[in-house]
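FYI, the numbering for the sequence shown is 135 to 320, going by my numbering. For every residue, glycine included, the Cβ atom is placed at its ideal position computed from N, Cα and C.
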Amino acid sequence: MNISLDSNSQRFSLLVLALAIAILFSYEGMKLALASHRIVSADFPKIKSAVALEPGNAEYWDLMGRFVEFQLDEPNLGDAVTSFAAATKISPRTARYWMDLAVAQEAVGQVDAARESFNRALTVYPASAQVHWEYGNFLLRQGQIEEALQQIRGAVASNSELTYIAITRVWRATSDPSLVLDRKSA
Numbered sequence: 135m136n137i138s139l140d141s142n143s144q145r146f147s148l149l150v151l152a153l154a155i156a157i158l159f160s161y162e163g164m165k166l167a168l169a170s171h172r173i174v175s176a177d178f179p180k181i182k183s184a185v186a187l188e189p190g191n192a193e194y195w196d197l198m199g200r201f202v203e204f205q206l207d208e209p210n211l212g213d214a215v216t217s218f219a220a221a222t223k224i225s226p227r228t229a230r231y232w233m234d235l236a237v238a239q240e241a242v243g244q245v246d247a248a249r250e251s252f253n254r255a256l257t258v259y260p261a262s263a264q265v266h267w268e269y270g271n272f273l274l275r276q277g278q279i280e281e282a283l284q285q286i287r288g289a290v291a292s293n294s295e296l297t298y299i300a301i302t303r304v305w306r307a308t309s310d311p312s313l314v315l316d317r318k319s320a
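In structure tokens, the structure reads:
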């Protein structure tokens with residue numbers, strides 16, 4: 135393909151356009167690099183600035199939520215819920231974000247919202263042993279033994295390595311570890 139430019143003004147316009155595109159790509163690249171450097175920091179203001187640089191990045195919101203949730207000196211579960219909720223809005227088809235949101239919601243006493251978030255995680259990834267496992271443990275903590283057993287059985291069916299820990303967990307909750315393997319009530 136051969137493009138002929140008839141005048142100097144057309145050449146100059148093309149050069150300006152090419153420079154503008156190069157500057158835009160350079161700016162975006164530098165912004166991405168800076169954000170990816172800051173998000174792995176142990177300094178909250180840097181993490182927050184990474185999220186501000188890339189507000190459409192669900193992973194950054196999730197990482198910020200985890201950071202504030204697991205702060206030893208000042209955990210802020212309300213901010214964690216907000217961050218995890220932002221991650222689920224940006225990427226609603228990622229089960230991990232829904233589970234992180236559910237755990238934080240349970241921690242702040244939003245049990246019904248946590249149940250809904252776990253259900254969303256199951257909808258997104260119904261074959262996940264991790265989703266079934268975490269939801270089952272949530273249900274055990276809520277005293278909903280039958281529903282919990284169904285979820286834990288689903289986790290064990292997807293990942294047999296969970297069998298031992300499932301038996302010990304169910305034993306503590308029910309004093310009957312055989313319920314993990316009992317398929318009649320599943």
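Restricting to Cα atoms, I'd like to know which of the options is closest to residue i.
{"i": "A221", "options": "L211, V185, Q205, A248", "result": "V185"}
{"i": "A291", "options": "A255, R306, A307, P260", "result": "P260"}
{"i": "P226", "options": "S170, A214, S251, A263", "result": "S251"}
{"i": "R306", "options": "G277, Y231, S294, N293", "result": "G277"}
{"i": "L197", "options": "I181, E208, G243", "result": "I181"}
{"i": "L256", "options": "P179, V150, A289", "result": "A289"}
Applying the criterion that 16 or more other CB atoms from any shown protein chain within 10 Å of the CB defines a buried residue, is residue i buried or exposed?
{"i": "F204", "result": "exposed"}
{"i": "F159", "result": "exposed"}
{"i": "F218", "result": "buried"}
{"i": "Y269", "result": "buried"}
{"i": "Y161", "result": "exposed"}
{"i": "S294", "result": "exposed"}
{"i": "Q199", "result": "Sequence inspection shows Gly at residue 199; the Gln mentioned does not correspond to that position. Buried."}
{"i": "E280", "result": "exposed"}
Do you know how far the Cα of residue j is from the Cα of residue i?
{"i": "L168", "j": "V245", "result": "37 Å"}
{"i": "L274", "j": "W267", "result": "11 Å"}
{"i": "D234", "j": "L148", "result": "49 Å"}
{"i": "N210", "j": "S143", "result": "58 Å"}
{"i": "L313", "j": "V304", "result": "7 Å"}
{"i": "F178", "j": "D310", "result": "45 Å"}
Could you give the first and the last residue of the continuous alpha helix (DSSP H) run that contains residue i?
{"i": "P179", "result": "178–187"}
{"i": "Y259", "result": "Element bounds for Y259: n/a, residue is neither H nor E."}
{"i": "F159", "result": "142–173"}
{"i": "Q285", "result": "279–292"}
{"i": "G199", "result": "192–203"}
Whole runs of the beta strand (DSSP E) within the segment 208–257, excluding any shorter than 3 residues: Unbroken beta strand (DSSP E) runs of no fewer than 3 residues, entirely contained in the segment 208–257, are not found.
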